[in-house]
Each structure stands twice: as structure tokens, then as C-alpha cells.
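All remarks here apply to the structure that follows.
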Amino acid sequence: MAEVTYPCYWQKKDNKKQWYWVYYAKNGEAISRSSESYVKRSDCLHSIELMKNSSDDSVYYDKD
């Protein structure tokens, strides 16, 4: 098995044997998780690709 390099996404299975992903920061800390689990691993991978491709999306915030 290859050595893990951070940052990275990990695909894992939950108790129902469905796929989800966890994103690990450069320091190896988990900082994000998929909001749902997926029956098919390919759907989980598609969700990761959507996240990776959203890096130029706008960020909004509520004004105090």
C-alpha cells in the first residue's frame, strides 16, 4: 500500500456498508465529511469530484 499524503480524501464505509468520504487537511486532521452516504462507490467518488471542482465558487456570509 502506498504511503498516504495529506491533504487527501478517504473513502470509507459506514455501519450500513454505504460509502462516504472524509477530507483530511495537510496536518492529517479530519476537517470535512460527506453529508450523506452512497450505495455505490462511484457516486461517492462523484461527490468528491464535485467538491474538488467547487474551489472557485463564491463564499457568502450573514451580516451581523
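This note's numbering applies: residue 441 is where the sequence shown begins, and numbers increase by one. Quick reminder that beta carbons are idealized off the backbone N, C-alpha and C, glycines included.
Is it buried or exposed for residue i, if we count other Cβ within 10 angstroms and need 16 for buried?
i	result
tryptophan 459	buried
cysteine 448	exposed
By alpha-carbon positions, which one of the options ends up nearest to residue i?
i	options	result
isoleucine 488	Trp450, Val444, Thr445 and Tyr446	Trp450
serine 474	Lys466, Ser482, Val462 and Asn467	Val462
asparagine 455	Glu476, Leu485, His486 and Tyr501	Glu476
tyrosine 478	Asn493, Lys492, Ile471 and Lys452	Lys452
lysine 457	Arg481, Asn493, Asp504 and Asp496	Arg481
lysine 492	Gly468, Ala442, Glu443 and Ser472	Ser472
Residue i bridges to which residues according to DSSP?
i	result
serine 462	For the record, residue 462 in the displayed sequence is valine; it is not serine. Answer is Trp450 and Arg473, bridged to valine 462.
tyrosine 478	Trp459
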